[in-house]
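*Asks:* I am attaching a structure below and will ask some questions about it afterwards.
There are 2 protein chains.
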Amino acid sequence: MKTMPNDLLIARLQSHLALDESERNGLAGLPCQMRSMPGRNLALAGKLSENHVHMIIEGYACRYRDLADGRRQILSLLMPGDVIDLRQFVLGGMQPAVATLSVATLAAIPNASLFRLLEDHPRITTALWSTTLVEESISREWLVSIGKRSAIERMAHLLCETFLRLAAVGRTEGARFPLPLTQSELADALGLSTVHVNRTLQELRKSGQIAFQAGTVEIFDFNALAAQAMFSPDYLHLREMPLIGAVPA
Amino acid sequence: MKTMPNDLLIARLQSHLALDESERNGLAGLPCQMRSMPGRNLALAGKLSENHVHMIIEGYACRYRDLADGRRQILSLLMPGDVIDLRQFVLGGMQPAVATLSVATLAAIPNASLFRLLEDHPRITTALWSTTLVEESISREWLVSIGKRSAIERMAHLLCETFLRLAAVGRTEGARFPLPLTQSELADALGLSTVHVNRTLQELRKSGQIAFQAGTVEIFDFNALAAQAMFSPDYLHLREMPLIGAVPA
DNA sequence: CGCGGATTTGACACCTCTCAATGATGGTGG
DNA sequence: CCACCATCATTGAGAGGTGTCAAATCCGCG
Numbered sequence: 001m002k003t004m005p006n007d008l009l010i011a012r013l014q015s016h017l018a019l020d021e022s023e024r025n026g027l028a029g030l031p032c033q034m035r036s037m038p039g040r041n042l043a044l045a046g047k048l049s050e051n052h053v054h055m056i057i058e059g060y061a062c063r064y065r066d067l068a069d070g071r072r073q074i075l076s077l078l079m080p081g082d083v084i085d086l087r088q089f090v091l092g093g094m095q096p097a098v099a100t101l102s103v104a105t106l107a108a109i110p111n112a113s114l115f116r117l118l119e120d121h122p123r124i125t126t127a128l129w130s131t132t133l134v135e136e137s138i139s140r141e142w143l144v145s146i147g148k149r150s151a152i153e154r155m156a157h158l159l160c161e162t163f164l165r166l167a168a169v170g171r172t173e174g175a176r177f178p179l180p181l182t183q184s185e186l187a188d189a190l191g192l193s194t195v196h197v198n199r200t201l202q203e204l205r206k207s208g209q210i211a212f213q214a215g216t217v218e219i220f221d222f223n224a225l226a227a228q229a230m231f232s233p234d235y236l237h238l239r240e241m242p243l244i245g246a247v248p249a
Numbered sequence: 001m002k003t004m005p006n007d008l009l010i011a012r013l014q015s016h017l018a019l020d021e022s023e024r025n026g027l028a029g030l031p032c033q034m035r036s037m038p039g040r041n042l043a044l045a046g047k048l049s050e051n052h053v054h055m056i057i058e059g060y061a062c063r064y065r066d067l068a069d070g071r072r073q074i075l076s077l078l079m080p081g082d083v084i085d086l087r088q089f090v091l092g093g094m095q096p097a098v099a100t101l102s103v104a105t106l107a108a109i110p111n112a113s114l115f116r117l118l119e120d121h122p123r124i125t126t127a128l129w130s131t132t133l134v135e136e137s138i139s140r141e142w143l144v145s146i147g148k149r150s151a152i153e154r155m156a157h158l159l160c161e162t163f164l165r166l167a168a169v170g171r172t173e174g175a176r177f178p179l180p181l182t183q184s185e186l187a188d189a190l191g192l193s194t195v196h197v198n199r200t201l202q203e204l205r206k207s208g209q210i211a212f213q214a215g216t217v218e219i220f221d222f223n224a225l226a227a228q229a230m231f232s233p234d235y236l237h238l239r240e241m242p243l244i245g246a247v248p249a
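Top to bottom, those sequences are chains A and B. Just so you know, we're using full-length UniProt numbering here: the first sequence kicks off at 1 and counts up by one. Just so you know, we're using full-length UniProt numbering here: the second sequence kicks off at 1 and counts up by one.
Laid out in structure tokens, this is it:
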């Protein structure tokens, strides 16, 4: 039942852009070495292999920024199928710090192999780039969330977003998905205080919109939640919407 | 005293990466057509020439996102030297809406000419790319601001940032620079209400940190303002810091 | 001169934060 | 197997920052 790392990459790329069989085969042939990060809250700086590109296979990570006085802002959530260091691969340069948010396993793909593949398959280049564009797009949506949405809207929005991102790579089960984040980590992502995250979650639970326990979220009525959050999925640039709601028991 | 459009582009690129003379000459030879946007709050969608890349010469614009219920979030400020549609030029794809925030003049450079130039000068490609990376970096910093900084810190931070960005392209005069934004536009950028922007500005004025009238800001003590905002300029990736404070009368 | 948008001011509500204490939970060592 | 400890979740009380509503003033512009 476990997808192999290459399949995950294929699924992720295809969620944005359809690939043909030769392209899929090329991706499937990519050598990749598994790498397991044993714990949560591990900074990845220096822990990634030089000359490799890394994708998250299992677990969560984040990009973040620390302020001088200890406040932290999580800039983006990285989840299975996300490539961490694609931008450096092509452009080099600066990127914010990355840390795990759970035990996680990464796949490391040698730059050289990837380069070779991209020479033969320009559309894979496009597909890879589109993942970075989607990441930017998500980042802008977070700006909207934090700037303009209320606490409960922000939380609802994040849950909708995460659900669809995971669904796109087959990591949801019906309306449930893993979200092993601490309330304080959610707070740092949403620009809220820990206490308020707690109250916000309670409100969503009490109103019957979600369940959230033991690192697993269940969304009872996605459309209602999306409406409350003013969530519209365009910015995720998914080729097709996962089937929502109509999940037979 | 007015810099020509090509000089502005050169200045902007050199603010991040030094160029040699042949590269500067190449840029100086780029044909570009001036385009003036007569008013504020003009959506640029459809108003830009196809197959051209546009740079702001004078005035301000912004990327923004509107929510269903009328709330608006300004995602980034575009100012002289900023290229609006560089990403589409290379990657195509989706970008948020752009609107002017003042009367503005743009320069339109034909894609073809730019392509030709880049073939001869790979470092110009790098320099251009780095402007998009800086834009992303600024965007992340905004996320930190809105997520973690107080109203007064946010405002101070935006003023510091804007000052340095303008200084990098020679658009400041001493400690003064143009900022012809409405308080309500500042509010949309900072994730605050108009009224609170007003009070925040008053506080900064009363504490003697800035003057702000008739669309012009003056920063009396940049370092103090930066300290209050927890502003550290690294994220702007400027090659050299403009001289601050020590501006002889 | 009068109009419309922008700024300013006031009063008030309320969302969210902070501080603090109390319960859960899970892992660890005795 | 249980006591213990750290971390996380939850709850309460209160303060304070920020938003909303509304009105007044200012200002540029036609």
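Beta carbons are placed, not taken as given, at the ideal position from N, Cα and C, and that holds for glycine. In this text the structure is predicted, and so the values were computed from the model without any measurement.
1. For A:Pro5, does the count of other Cβ atoms within 10 angstroms reach 16, so buried, or fall short, so exposed?
2. In whole angstroms, what separates the C-alpha of B:Trp129 from that of B:Ala68?
3. Let me see if you follow: with CB-CB separation under 7 Å, is A:Gly70 close to chain B or not?
4. Confirm, please, whether the CB-CB distance from A:His54 to A:Leu106 is below 7 Å.
5. Count the other CB atoms, across all protein chains shown, that sit within 10 Å of the CB of B:Glu23; report buried if there are 16 or more and exposed otherwise.
6. Output needed in chain order: residues of the region 47-73 of chain A with a Cβ under 9 Å from some Cβ in chain B.
7. Please identify the residue among B:Tyr235, B:Gly170 and B:Arg116 whose C-alpha is closest to the C-alpha of B:Pro31.
8. Give me the residue from B:Gln183, B:Glu135 and B:Gly46 with the minimum Cα distance to B:His16.
9. I think B:Tyr235 touches B:Glu141, with their Cβ atoms under 8 Å apart; what is that distance to the nearest whole Å?
10. Could you have a look at B:Glu218 and say whether DSSP puts it in helix, strand or coil?
11. Report back the beta-carbon spacing between B:Gly81 and B:Ala11 to the nearest angstrom; my notes put them in contact at under 8 Å.
12. Using a Cβ-Cβ cut-off of less than 9 Å, list which residues of the region 222-238 of chain A approach chain B; keep chain order.
13. Considering only the beta carbon of each residue, do B:Ala127 and B:Leu13 sit closer than 7 Å?
14. Measure the C-alpha to C-alpha separation of A:His52 and A:Ala108 and round it to an integer number of angstroms.
15. Using beta-carbon positions only, say whether A:Asn198 and A:Gln213 come within less than 7 Å of one another.
16. Assess contact between the region 213-229 of chain B and the region 183-194 of chain B, defined as three or more Cβ pairs (one per stretch) separated by less than 8 Å. Is contact present?
17. Using only the alpha-carbon positions, how far apart do A:Met1 and A:Arg165 sit?
18. Going along chain B in order, which residues have a C-beta closer than 7 Å to the C-beta of A:Ile146?
19. Can you check whether the C-beta of A:Phe17 is within less than 7 Å of a C-beta belonging to chain B?
20. Any C-beta of chain B within less than 9 Å: which residues of the UniProt domain "HTH crp-type" (149-223) of chain A qualify?
21. When burial is assigned at 16 or more other CB atoms within 10 Å of the CB, is B:Gly39 buried or exposed?
22. If I follow the unbroken alpha helix (DSSP H) through A:Ile10, where does it start and stop?
23. Along chain B, in chain order, which residues have C-beta atoms closer than 9 Å to that of A:Pro122?
24. Provide the residue(s) that pair with A:His196 in DSSP beta bridges, ordered along the chain.
25. Which whole runs of the beta strand (DSSP E) in the region 48-133 of chain A are 3 residues long or more, in chain order?
26. Assuming contact is defined by CB atoms lying nearer than 7 Å, are A:Leu75 and A:Arg87 in contact in what I supplied?
27. Taking only the alpha-carbon atoms, compute the straight-line gap between A:Thr200 and A:Ser207 and give it to the nearest angstrom.
*Replies:* According to the data block:
1. Here A:Pro5 is buried. Its C-beta has 16 or more other C-beta atoms within 10 Å.
2. Here the alpha carbon of B:Trp129 sits roughly 33 Å from the alpha carbon of B:Ala68.
3. It does not; no Cβ of chain B falls within 7 Å.
4. Cβ atoms of A:Leu106 and A:His54: closer than 7 Å.
5. Label assigned to B:Glu23: buried.
6. So the list reads Arg63, Arg65, Leu67, Ala68, Asp69, Arg71, Arg72 and Gln73, given in the order they occur along the chain.
7. Taking only the C-alpha atoms, the option nearest B:Pro31 is B:Arg116.
8. The shortest C-alpha separation from B:His16 is found at B:Glu135.
9. 5 Å between Cβ atoms; contact.
10. The answer is strand: DSSP assigns B:Glu218 an E or B state.
11. Confirmed, about 7 Å.
12. Listed by position along the chain: Met230, Ser232, Asp234, Tyr235 and His237.
13. Result yes, Cβ atoms of B:Ala127 and B:Leu13 sit closer than 7 Å.
14. Taking the straight line joining both Cα atoms gives about 6 Å.
15. Their beta carbons are not under 7 Å apart, which means A:Asn198 does not touch A:Gln213 by this criterion.
16. They do not touch, by the three-pair rule.
17. Only weak support is given to the placement of A:Met1: the predicted model assigns it a pLDDT of 46, under 50, and the question is left unresolved by the model.
18. Identification of chain B residues near A:Ile146 by a Cβ-Cβ cut-off of 7 Å yields Leu143, Ile146, Gly147 and Gly191, ordered along the chain.
19. The sequence as given places Leu at residue 17 of chain A; Phe does not occur at that position. Taking Cβ atoms only, chain B never reaches closer than 7 Å to A:Leu17, which makes this a no.
20. Only those residues of the UniProt domain "HTH crp-type" (149-223) of chain A whose C-beta falls short of 9 Å from the nearest C-beta of chain B are listed: Arg149, Asp188, Ala189, Leu190, Gly191 and Leu192.
21. B:Gly39 comes out exposed.
22. Run containing A:Ile10: Pro5 to His16, per the alpha helix (DSSP H) assignment.
23. Residues of chain B passing the Cβ test: none, with the nearest at roughly 13 Å.
24. In DSSP, A:His196 forms no bridge with anything.
25. As far as the region 48-133 of chain A is concerned, its whole beta strand (DSSP E) runs of at least 3 residues are 52-58, 61-66, 72-78, 97-100 and 104-110.
26. Not closer than 7 Å, so no.
27. Annotation: A:Thr200 to A:Ser207 spans about 11 Å, alpha carbon to alpha carbon.
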